[in-house]
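For this note's numbering, count along the sequence shown from 1 and bump the result up by 151.
For every residue, glycine included, the Cβ atom is placed at its ideal position computed from N, Cα and C.
Only a predicted model underlies this, so the values are computations on that prediction, with no experimental measurement involved.
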Amino acid sequence: MHLHLRLGIDHVLEAAERRSPMGRKGFSLIEMMFVFVLAGVIMAIGFPRLKNGLEKQNIRSSKALIATLAATARGAAIQRGCAGTLNMTTDSIWVTACGVTGNPPAASVQVGTKKLVGEEFNVTLAPSAASVVYDPRGIATQFQLRWITIIGPHYRDSVIINEVGKVTRQ
Numbered sequence: 152m153h154l155h156l157r158l159g160i161d162h163v164l165e166a167a168e169r170r171s172p173m174g175r176k177g178f179s180l181i182e183m184m185f186v187f188v189l190a191g192v193i194m195a196i197g198f199p200r201l202k203n204g205l206e207k208q209n210i211r212s213s214k215a216l217i218a219t220l221a222a223t224a225r226g227a228a229i230q231r232g233c234a235g236t237l238n239m240t241t242d243s244i245w246v247t248a249c250g251v252t253g254n255p256p257a258a259s260v261q262v263g264t265k266k267l268v269g270e271e272f273n274v275t276l277a278p279s280a281a282s283v284v285y286d287p288r289g290i291a292t293q294f295q296l297r298w299i300t301i302i303g304p305h306y307r308d309s310v311i312i313n314e315v316g317k318v319t320r321q
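Next up, the structure:
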């Protein structure tokens, strides 16, 4: 019985040996085209969502940076015992306060580095006022509400600094 089974598969084995060695290696052109079309469809769906998510994240990061620099300006005013200023333009934001070294100290020096939000986050700032000045107690010198609108290519959001100089909405 064993010999009978062996004879049944001989013709299958011989047919496999007769095929050329290049007969079935790799993928056919149809299979490759299908894979590329499928990958293209997936990318066409995914890339816009990824781009929108990145833009929203850049706006959130800009808002957090503005809140951090407002706190830095308040802290510098309190620590140094003089006015601290949060300065804003359409593409940058920075903090200045009185100097602490020299005889006499400089009237105004930059605290930290100037943040180029337009370049770093691809957004534009639209502040309601060019600066927020804090007195040595950390309170804004002008009792008025200020807002900074952050404008991206498709989305916008804002940060509100209340009348006493505290960030209330970010």
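Quiz item: Which of the three DSSP states, helix, strand or coil, is assigned to Arg-288?
Solution: Within the sequence shown, the letter at position 137 stands for residue 288. Note: Arg-288 maps to coil in three-state DSSP.
Self-check item: In chain order, each beta strand (DSSP E) run of at least 3 residues that lies wholly inside the stretch 186-269
Solution: 235-239, 244-248 and 260-266, all fully within the stretch 186-269.
Quiz prompt | Leu-276 - containing beta strand (DSSP E), residue span | solution = Residue mapping note: residue 276 aligns to position 125 of the sequence shown, counting from 1. Element bounds for Leu-276: 275-278.
Exercise. For my contact list, Val-284 and Ile-217 are in at a C-beta cut-off of 8 Å; report their separation, rounded to the angstrom.
Key: As a first step, residue 284 must be located in the sequence shown, where it is residue number 133. As a first step, residue 217 must be located in the sequence shown, where it is residue number 66. At roughly 16 Å, the Cβ-Cβ gap does not stay under 8 Å, so Val-284 and Ile-217 are not in contact.
Quiz item: From which residue to which residue does the beta strand (DSSP E) around Val-318 run?
Solution: Locating residue 318 in the sequence shown gives position 167, where the first residue counts as 1. Val-318 -> beta strand (DSSP E) spans 318-320.
Quiz prompt | Minimum C-alpha distance to Glu-270 - residue among Gly-250, Thr-240, Ala-280 and Ile-299 | solution = For the purposes of this step, residue 270 is taken as the residue at position 119 of the sequence shown. Ranking the options by Cα distance to Glu-270, first place goes to Thr-240.
Quiz item: Does the Cβ of Pro-199 have 16 or more other Cβ atoms within 10 Å, making it buried, or fewer, making it exposed?
Solution: For the purposes of this step, residue 199 is taken as residue 48 along the sequence shown, with counting starting at 1. Within a 10 Å sphere around the beta-carbon of Pro-199 sit fewer than 16 other beta-carbons, which makes this residue exposed.
Practice problem: For Ile-322, write down the residues that DSSP places opposite it in a beta bridge. | Solution: In this structure the chain extends from 152 to 321, so residue 322 is not present and cannot be described.
Exercise. Check whether the stretch 188-197 touches the stretch 245-257, counting contact only when three or more Cβ pairs, one atom from each stretch, lie closer than 8 Å.
Key: Contact between the stretch 188-197 and the stretch 245-257 is absent, because fewer than three Cβ pairs lie under 8 Å.
Quiz prompt | C-alpha gap between Asn-203 and Leu-180, whole angstroms | solution = As a first step, residue 203 must be located in the sequence shown, where it is residue number 52. As a first step, residue 180 must be located in the sequence shown, where it is residue number 29. Whole-angstrom Cα-Cα distance: 35 Å.
Quiz item: Quick one: what's got a C-beta closer than 7 Å to Ala-195's C-beta in the same chain, skipping five residues either side?
Solution: Here residue 195 refers to the residue found at position 44 when the sequence shown is read from its first residue. Once the five neighbours on either side are set aside, Ala-195 has no close Cβ partner at all.
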